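First up is the structure itself, then whatever we jot down about it.
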Amino acid sequence: MIMDYRRLPWTTIVWFVLMHLTGVPGLGVNELLYFRVISPEDIGYIFTCAPAKDFGGDFTSSFDEIFLVPADPADGCSELRNRELIHGQVTLLERGGCSFVQKAHVVEEAGGRAVLIADDVLDNDSQYLDMITDGTTAKPSIPALFLLGRDGLMIRRSLQRQALPWAVISIPVNVSSLASFPLRQPPWSLW
Numbered sequence: 001m002i003m004d005y006r007r008l009p010w011t012t013i014v015w016f017v018l019m020h021l022t023g024v025p026g027l028g029v030n031e032l033l034y035f036r037v038i039s040p041e042d043i044g045y046i047f048t049c050a051p052a053k054d055f056g057g058d059f060t061s062s063f064d065e066i067f068l069v070p071a072d073p074a075d076g077c078s079e080l081r082n083r084e085l086i087h088g089q090v091t092l093l094e095r096g097g098c099s100f101v102q103k104a105h106v107v108e109e110a111g112g113r114a115v116l117i118a119d120d121v122l123d124n125d126s127q128y129l130d131m132i133t134d135g136t137t138a139k140p141s142i143p144a145l146f147l148l149g150r151d152g153l154m155i156r157r158s159l160q161r162q163a164l165p166w167a168v169i170s171i172p173v174n175v176s177s178l179a180s181f182p183l184r185q186p187p188w189s190l191w
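Numbering follows UniProt numbering, with no gaps: position 108 of the sequence shown is 108.
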């Protein structure tokens with residue numbers, strides 16, 4: 001679909017340009033990380049997430065195909081019942097119930113490679129939170145990323161609808177080098 005920008009209010013155009021230059025209001029372009037859902041196809045989009053501010057590690061390698069496994073329990077505040085699926089994969093958690101650090105620690109203890117923590121505000125499609133330490137001595141070393149609530153909801157909903165235990169993702173993705181396939185962003189988000 002081609003949008004006629006001449007019909008948009010100038011404030012919307014300015015906001016749109018700023019979004020593309022900086023990524024998201026309040027975050028610089030280098031502060032976001034991107035991942036692509038390969039399967040299931042109905043959510044085959046490029047998603048943005050924000051790395052934790054002062055804990056967790058960085059991606060030292062990229063994963064062209066790795067599983068994104070929803071945690072059980074979904075908040076990841078206690079021992080994970082699906083540890084065997086999480087081991088060596090990326091885990092999807094929901095915000096709430098305990099600190100971000102505790103969630104990352106639980107996933108790391110289960111052998112997860114990284115954790116995506118989706119906001120529990122399910123209609124959040126634009127506001128990233130700063131994930132910071134909780135004052136404990138726990139220092140998880142796996143990458144911890146904040147995912148918008150709407151994105152997390154849509155991923156979980158797709159997996160539940162199709163009775164799939166995981167999505168296949170590519171993470172991190174360099175969006176500036178994606179000439180080989182169309183840059184598909186979620187239709188419910190602007191970035």
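Beta carbons are placed, not taken as given, at the ideal position from N, Cα and C, and that holds for glycine.
Just so we're clear, the structure is a prediction, and the values are computed from it rather than from any experiment.
- According to DSSP, residue pairing for residue 34 in a beta bridge involves 48.
- Only residues of its own chain outside the window of five on either side were considered, and among them 54, 55 and 101 have a CB closer than 7 Å to the CB of residue 133, listed in chain order.
- Under the DSSP assignment, residue 69 falls in the beta strand (DSSP E) whose first and last residues are 63 to 70.
- Between residue 149 and residue 124, the C-beta spacing is below 7 Å.
- Residue 128 has its alpha-carbon roughly 12 Å from the corresponding atom of residue 33.
- Residue 39 has 168 as its beta-bridge partners, per DSSP.
- Between residue 154 and residue 43, the C-beta gap is smaller than 7 Å, which places the two residues in contact.
- Proximity of the stretch 97 to 116 to the stretch 134 to 142 meets the contact definition, three or more beta-carbon pairs being nearer than 8 Å.
- Bounds of any beta strand (DSSP E) do not take in residue 104; it lies within the alpha helix (DSSP H) bounded by 100 to 109.
- For a cut-off of 8 Å, the C-beta gap from residue 90 to residue 171 is around 6 Å, short enough to register as a contact.
- Look at residue 117 here: in three-state DSSP terms it is strand.
- Assignment of residue 175 by DSSP, reduced to helix, strand and coil, places it in the helix class.
- Look at residue 145 here: in three-state DSSP terms it is strand.
- Residues of the same chain with a CB within less than 7 Å of the CB of residue 169, apart from the 5 flanking positions on each side, are 35, 36, 37, 38, 66, 68 and 90 in chain order.
- Following the DSSP letters along the chain, one finds residue 84 inside the alpha helix (DSSP H) bounded by residues 83 to 86.
- Sixteen is the threshold: when 16 or more other Cβ atoms of the shown chains lie within 10 Å of the Cβ of residue 94, as they do, the residue is buried.
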